[in-house]
Amino acid sequence: SESLDAFELLAALQLTEEQKLELMERLKSFLAELFKAMDATGKARNNDIHRKMILAMAKEGADFPWEERFEKFKELLDAASLSPAIFAHPNRKAFMQPLMKRSELVMADYEEWIVTDGASYRLEDLPNSAL
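Using the numbering used here, you'd call the opening residue of the sequence shown number 266 and step up by one each time.
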């Protein structure tokens, strides 16, 4: 597994700047779709409890244990990864497995998504956006 990560890193280093920007655009677009699917799952499953918890932390200074937040996040992530929008996404194969391997990092991005209401993932904010 570690050697595979090293090979992935070497491959990434060989990308041109333009290729890196395009890859970042695709990843950001995929994350936005994934987070939308997670939002829909949260609303349907548990009355948006995870979102409410994150907003309470951001706005009121509430404190919830990391493990509790991660457990709720993982439930949303696992369910959203099987949603039709994500399952049929053209970049799912490229991005989903690495994201699942480092889901604690994705959790931080999802919490930012919630607190900023998705502002950091709007495609019109991306440089050279193809959309």
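Glycine included, every Cβ here is placed at the ideal spot set by N, Cα and C.
| Query | Result |
| --- | --- |
| Quick check on Phe-338: does DSSP put it in helix, strand or coil? | helix |
| Measure the alpha-carbon distance for His-315 versus Gln-279 and round it to whole angstroms. | 39 Å |
| Among the candidates Leu-299, Lys-308 and Ser-348, whose CA atom is the shortest distance from the CA of Tyr-386? | Leu-299 |
| Where does Thr-281 sit, in a helix, a strand or coil, going by DSSP? | coil |
| Quick one: residues in its chain with C-beta nearer than 8 Å to the C-beta of Asp-382, no 5 flanking neighbours on either side, listed in chain order? | none |
| Please report the straight-line C-alpha distance between Lys-317 and Asp-304, rounded to a whole angstrom. | 11 Å |
| Within 10 Å of its beta-carbon, does Thr-306 have 16 or more other beta-carbons around it, so buried, or fewer, so exposed? | buried |
| Tell me the residue span of the alpha helix (DSSP H) that contains His-315. | 314-325 |
| Apart from the five residues just before and just after Arg-419, which ones in its own chain have a Cβ nearer than 7 Å to its Cβ? | Here the chain covers residues 266 to 396 and nothing more, so residue 419 does not appear. |
| Count Cβ pairs between the stretch 330-337 and the stretch 347-361 that sit closer than 8 Å; are there 3 or more? | no |
| Can you say whether Leu-341 is buried or exposed, counting buried as having 16 or more other CB atoms within 10 angstroms of its CB? | buried |
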